[in-house]
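Participant: Residue numbers (the working numbering): -9 to 386.
All C-beta atoms, glycine included, are put in the ideal place defined by N, C-alpha and C.
#1: With DSSP collapsed to three states, give me the class of residue 287.
#2: Return the chain-ordered list of same chain residues with a C-beta closer than 8 angstroms to the C-beta of residue 216, the five sequence neighbours on each side being excluded.
#3: Where does residue 380 land, buried or exposed, given buried means 16+ other C-beta within 10 angstroms?
#4: Less than 8 angstroms between the CB atoms is what I'm expecting for residue 352 and residue 234, so what's the real figure, rounded?
#5: What ranges does the alpha helix (DSSP H) occupy inside the stretch 182 to 244, keeping only unbroken runs of at least 4 residues that lie completely in it?
#6: Counting along the chain, where does the alpha helix (DSSP H) carrying residue 110 start and finish?
#7: On the DSSP letters alone, give me the boundaries of the alpha helix (DSSP H) that residue 177 sits inside.
#8: Round the Cβ separation of residue 323 and residue 87 to the nearest angstrom and send it over; I've been treating them as touching at under 8 angstroms.
#9: Whole angstroms are fine: how far does the CA of residue 334 sit from the CA of residue 247?
#10: Measure the Cβ-Cβ separation of residue 314 and residue 229 and say whether it is below 8 angstroms.
#11: When the distance is taken between beta carbons, is residue 268 closer than 8 angstroms to residue 359?
#12: How many Å lie between residue 212 and residue 91 at the Cα?
#13: Where do the ends of the alpha helix (DSSP H) carrying residue 341 lie?
#14: Measuring straight from C-alpha to C-alpha, what distance separates residue 259 and residue 63?
#15: For residue 238, which residues from the same chain have a beta carbon less than 8 angstroms from its beta carbon, with the 5 sequence-adjacent residues on both sides left out?
#16: Rounded to the nearest angstrom, how far is the Cβ of residue 287 from that of residue 328, given a contact under 8 angstroms?
#17: Quick check on residue 162: does DSSP put it in helix, strand or coil?
#18: Let me check you understand the geometry: is the CB of residue 271 closer than 7 angstroms to at least one non-hydrogen atom of the ligand GDP?
#19: With DSSP collapsed to three states, give me the class of residue 355.
#20: For residue 89, which three-state DSSP category applies?
#21: I'd like the list of long-range same chain contacts for residue 219, defined as Cβ closer than 6 angstroms, with 5 residues on each side in sequence excluded.
#22: Leaving out five residues before and five after residue 191 in sequence, what residues of the same chain have Cβ atoms less than 6 angstroms from its Cβ?
#23: Would you list the one or two residues that DSSP bridges to residue 117?
#24: What are the boundary residues of the alpha helix (DSSP H) that residue 76 is part of?
#25: Cα-Cα, which of 69, 129, 58 and 289 is closest to residue 263?
#26: Tell me whether residue 377 sits in a helix, a strand or coil according to DSSP, three-state version.
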């Protein structure tokens, strides 16, 4: 994987069709497009070109990388914010996805939580995990759900079934995933008489992690506001620290596919769009961006593209409410998690990912932001009503 910076925005280049550098290093072909040799040398400075006969590289443009580090500096200028907001606007308009780097979340904190999640799912007896079941997936109390309870593919285009006008529920196989969910912010996990118990070690690590990821959320909300032409703090009125704000931390565990008999069309997580605001995802480091490892894919211009893991990066994607807020300018991209290749080394490995879902307060009436005399293209939607319709559809 190579990270490039362009005039528009940096891009992740992931594994794709094999290309070659010519033996005299005069050209590189990306698809049918020749690229000049200086560009090749800039891309691959570690290669000794004087003795090379051919060099195979696998590249295909996928989603942008946005460096947020200026936003965490007290010396950032308004022009710099404008430039970053422009990058964010282009990423959300074209892909609905971006990889963010330059954030304050310590790598050790993420890797420690990642290891603890794998240990919980692989070492905790089933009967003990089931003690943390607090209702169906999407329950206000969060908790554990095992295999066979969720089919996220049923939520895609909910209410608009293709080639059918009768609004029937889509059919999709169960997802190959277990998960544990913390609903709300850490302060609410133990509040009230109805507060449910959580695994001690996961709760101890998850609380500080959420506090750090919220810093990313706050920054991208400000960039979003600036990109959409409203005051920088515009979205703070919808995303606050009250219990009604729909924050959720999901600890997702995908067991080794080699150990399960699979339906012919079952995958680790079906094609869907996310339900509300931004998702801030720590991706499994073993997502190599190819069919061998499988992993996260995004539907871009009708084609599935892998999203390879970027070291110290978080994948951020826009949920269903952002196309409404942006009046159709931004997209809530369809994505999925594919299986590793059958009988590959990855098919014997588990996969762990950590998505943090940011949703506005449930009573938020989400309506298009219109500027410069534009007309609204969407009707207003109540955030919680939309969320619950999706969650209900996903439960088997």
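Facilitator: According to the data block:
#1: strand
#2: 71, 72, 75 and 222
#3: buried
#4: 5 angstroms
#5: 190 to 217
#6: 97 to 113
#7: That residue, residue 177, is in no alpha helix (DSSP H); it is neither H nor E in DSSP.
#8: 6 angstroms
#9: 10 angstroms
#10: no
#11: no
#12: 16 angstroms
#13: Note, residue 341: premise wrong, no alpha helix (DSSP H); beta strand (DSSP E) at 341 to 351.
#14: 37 angstroms
#15: 132, 171, 172, 173, 174, 346, 347 and 349
#16: 6 angstroms
#17: coil
#18: With respect to small molecules bound, the structure shown includes none, and the ligand GDP cannot be examined in it.
#19: strand
#20: strand
#21: 361
#22: 106
#23: Answer is none; residue 117 lacks a bridge partner.
#24: 68 to 84
#25: 289
#26: helix
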